[in-house]
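There are 2 protein chains.
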Amino acid sequence: MDEKISEAVVRRLPKYYRYLSDLDALGVERISSSAMSKGMSLNASQIRRDLNCFGGFGQQGYGYSVKSLKQEIMHILGIDKAYHVVIIGSGNIGQALAFYKNFALEGYIIKAIFDVDSNRIGKKINNIEVLSMNDLETYLKTENIHIGILATPKGAAQDVADILIKGGVTGIWNFAPIDVKVPDNAYVENVHLSDGLYVLSYYMQRGRF
Amino acid sequence: MDEKISEAVVRRLPKYYRYLSDLDALGVERISSSAMSKGMSLNASQIRRDLNCFGGFGQQGYGYSVKSLKQEIMHILGIDKAYHVVIIGSGNIGQALAFYKNFALEGYIIKAIFDVDSNRIGKKINNIEVLSMNDLETYLKTENIHIGILATPKGAAQDVADILIKGGVTGIWNFAPIDVKVPDNAYVENVHLSDGLYVLSYYMQRGRF
Chain A
0 MDEKISEAVV RRLPKYYRYL SDLDALGVER ISSSAMSKGM SLNASQIRRD
50 LNCFGGFGQQ GYGYSVKSLK QEIMHILGID KAYHVVIIGS GNIGQALAFY
100 KNFALEGYII KAIFDVDSNR IGKKINNIEV LSMNDLETYL KTENIHIGIL
150 ATPKGAAQDV ADILIKGGVT GIWNFAPIDV KVPDNAYVEN VHLSDGLYVL
200 SYYMQRGRF
Chain B
0 MDEKISEAVV RRLPKYYRYL SDLDALGVER ISSSAMSKGM SLNASQIRRD
50 LNCFGGFGQQ GYGYSVKSLK QEIMHILGID KAYHVVIIGS GNIGQALAFY
100 KNFALEGYII KAIFDVDSNR IGKKINNIEV LSMNDLETYL KTENIHIGIL
150 ATPKGAAQDV ADILIKGGVT GIWNFAPIDV KVPDNAYVEN VHLSDGLYVL
200 SYYMQRGRF
């Protein structure tokens, strides 16, 4: 695999994965890049270029095998294995994520939720224990956690991220409304939900002109 | 304003807005494109090009006025006005969105939540009434709703989107795990939360090699 795959290509891979999963569920076995192009609203030469970044899986005139292309993309994305996850913050976002069924189905196993609120500590959310933030550091010493989901208030996010990283977590999925920083050997994906709403507003305006 | 602003530029605008809002809150009055470049991890010539798409607001050697650039970007995004919003689906995602404080602060006013579950209809979530899905069509005839947030199961999403559009809604923010289609005079922003988690997994893998 080429190590210099551009972020734009990487960010399109989940779209391929979703599209191929839907085809697979519908029993489709082979797909041409021109059919993919229509179905995904991407141009066919871009699709061929994207897939070539990863070695190319098509055969001229035969298209792609849906199942093997899907498997390859899962492998490239690293979603063909299990991840241990903790959620920090049991507010509305933390709870919604704790209840999200697909995570477990896709191998993201939520091991615990951490909170500072003594009314919540000791309870369970969707059968996952809520533990005290004071115990996070110790917890990370004994448990092998790969991903931390930050669903804390803005002010706490960076401190919690630091504790997670120090405890061996290498991936942070951050829902707090502030970009957190991590060292080079870790990775953070900052979620800015409202950005989509702003873009929506932009296009709603434009549609009126 | 140029009508042909590329989607890539439009999708960067919320990032400028957030950055400028943070500067403004910190009391910063002027900012150079090179300082913005550092702060936003974007290259300075790209920042100048982006802002030029909208007529340019900088003065050579003086940089940009934070407040007026922020105002301009809010205006361009169309987030300097009020929108009436309904949420469809009062499950975990619908609830989390109903509780999200920033929406109201930013002019996205949630007027009602709709659900099919008779145990939820008639109750309130964060002081917003939960109404019956059966009443959505009638409701849209009397209320002027701009944006519908879809937080329904996958199978219901397209049908609900059709009802919303028929009722005069022009923007749909879709959290259901399926891309919904809307006519040309409306706009949809499909949210794929898990995509960020997949991209995170990709980079976590890459970091290990």
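Respectively, the protein sequence lines represent chains A and B.
Residues in the first sequence are numbered from 0 upward in steps of one, following numbering that gives the first Met the number 0.
Residues in the second sequence are numbered from 0 upward in steps of one, following numbering that gives the first Met the number 0.
Backbone N, C-alpha and C define an ideal beta-carbon position, used for all residues, glycine too.
In chain order, what residues of the same chain lie with their CB nearer than 6 Å to the CB of residue i, ignoring the 5 residues before and after it?
i, result
"I127 of chain A", "A97, I109 and I112"
"Q157 of chain B", "V179"
"V115 of chain B", "M132"
"V168 of chain A", "I144 and G147"
"I177 of chain B", "K153 and A156"
"R207 of chain B", "Because the pLDDT at R207 of chain B is just 40, under 50, the model does not fix this residue reliably, and the value given afterwards should be weighed accordingly. Nothing listed; no residue qualifies."
"W210 of chain B", "Outside the shown range of chain B, which is 0 to 208, sits residue 210 of chain B, and nothing can be said about it."
"G62 of chain A", "R29, I30 and S31"
"A175 of chain B", "L149, T151, K153 and A156"
What residue range is occupied by the uninterrupted alpha helix (DSSP H) comprising residue i?
i, result
"L12 of chain B", "E6 to A24"
"S33 of chain B", "S32 to M39"
"V181 of chain B", "Careful: V181 of chain B lies outside any alpha helix (DSSP H) and carries neither H nor E."
"G93 of chain B", "N91 to F98"
"N173 of chain A", "Unbroken run through N173 of chain A is the beta strand (DSSP E), G170 to N173; no alpha helix (DSSP H)."
"I146 of chain B", "Element bounds for I146 of chain B: not the alpha helix (DSSP H) but the beta strand (DSSP E), I146 to L149."
"V159 of chain B", "A156 to K165"
"D230 of chain B", "A question about residue 230 of chain B goes unanswered here, because the residues of chain B that appear run from 0 up to 208."
"V27 of chain A", "No alpha helix (DSSP H) holds V27 of chain A; DSSP gives it neither H nor E."
"I177 of chain B", "Segment: none, I177 of chain B is in no alpha helix (DSSP H) and carries neither H nor E."
"I72 of chain A", "V65 to L76"
"Y138 of chain A", "L135 to T141"
So, for residue i: in the same chain, excluding its five sequence neighbours on each side, which residues have a beta-carbon less than 8 Å away from its beta-carbon?
i, result
"P182 of chain B", "I164"
"K66 of chain B", "D23 and E28"
"G106 of chain B", "I78, D79, K80, A81 and Y82"
"Y18 of chain A", "M35, G38 and M39"
"Y186 of chain A", "T169, G170 and I171"
Between which residues of its own chain and residue i is the CB-CB distance below 7 Å, once the five residues before and five after are set aside?
i, result
"I46 of chain A", "S32, M35 and S36"
"D1 of chain A", "Caution is warranted here: a pLDDT of 47 is assigned to D1 of chain A, below 50, making its placement in the model unreliable, and the coordinate value is therefore given only provisionally. Contacts found: C52."
"K122 of chain A", "V129"
"V159 of chain B", "I87, L149 and T151"
"I72 of chain A", "L12, Y15, Y16 and L19"
"G90 of chain A", "A150"
"I162 of chain B", "L135 and E136"
"I120 of chain A", "D114, V129, L130 and S131"
"N42 of chain B", "S36"
"I4 of chain A", "C52"
Which residue comes first and which comes last in the beta strand (DSSP E) that contains residue i?
i, result
"N189 of chain A", "Y186 to N189"
"H83 of chain A", "Y82 to I87"
"A111 of chain B", "Y107 to D114"
"V129 of chain B", "I127 to S131"
Shorter than 8 Å from the beta carbon of residue i to some beta carbon of chain C?
i, result
"A95 of chain B", "The structure shown contains no chain C; the protein chains it does contain are A and B."
Should residue i be listed as close to the ligand GDP, given that the test is whether its C-beta is under 7 Å from any heavy atom?
i, result
"I87 of chain B", "As for the ligand GDP, it is missing from this structure, which has no ligand bound."
Problem set entry | the region 136 to 151 of chain A in contact with the region 71 to 91 of chain A per 3-pair CB rule at 8 Å | Yes, the region 136 to 151 of chain A touches the region 71 to 91 of chain A.
For this session: Anything in the region 75 to 88 of chain B with a Cβ closer than 8 Å to a Cβ of chain A? List those residues in chain order, please.
Result: From the region 75 to 88 of chain B, only I75, L76, G77, I78 and Y82 have a Cβ closer than 8 Å to chain A.
Exercise. If we count Cβ pairs, one from each stretch, closer than 8 Å, do we get three or more for the region 68 to 78 of chain A versus the region 129 to 140 of chain A?
Worked result: Note that the region 68 to 78 of chain A does not touch the region 129 to 140 of chain A; fewer than 3 beta-carbon pairs, one per stretch, sit closer than 8 Å.
Exercise. On the three-pair Cβ rule with 8 Å, is the region 118 to 126 of chain B touching the region 136 to 146 of chain B?
Worked result: The region 118 to 126 of chain B vs the region 136 to 146 of chain B: no contact.
Exercise. Do the region 9 to 28 of chain B and the region 190 to 198 of chain A make contact, defined as three or more Cβ pairs closer than 8 Å?
Worked result: Yes: at least three Cβ pairs fall under 8 Å.
Problem set entry | Selection of the region 182 to 205 of chain B by Cβ proximity to chain A, strictly under 9 Å | Going along the region 182 to 205 of chain B in chain order, one finds D183, N184, A185, Y186, V187, E188, N189, V190, H191, L192, S193, D194, G195, L196, Y197, V198, L199, S200, Y201, Y202, M203, Q204 and R205 with a Cβ nearer than 9 Å to chain A.
Exercise. In the region 2 to 15 of chain B, which residues sit with their C-beta less than 8 Å from some C-beta in chain A, listed in chain order?
Worked result: Contact residues of the region 2 to 15 of chain B toward chain A are E2, V9, R10, L12, P13 and K14 (C-beta to C-beta distance below 8 Å).
Exercise. Using a Cβ cut-off of 9 Å, which residues of the region 153 to 187 of chain B contact any Cβ in chain A, in chain order?
Worked result: For the region 153 to 187 of chain B, the set of positions with a beta-carbon nearer than 9 Å to some beta-carbon of chain A reads T169, G170, I171, W172, P176, I177, D178, D183, N184, A185, Y186 and V187 in chain order.
Problem set entry | Proximal residues, the region 34 to 64 of chain A versus chain B, C-beta separation under 7 Å | Here the close residues number zero.
Problem set entry | Contact residues within the region 106 to 132 of chain B, judged by C-beta distance below 7 Å to chain A | If the cut-off is 7 Å between Cβ atoms, the region 106 to 132 of chain B has Y107 near chain A.
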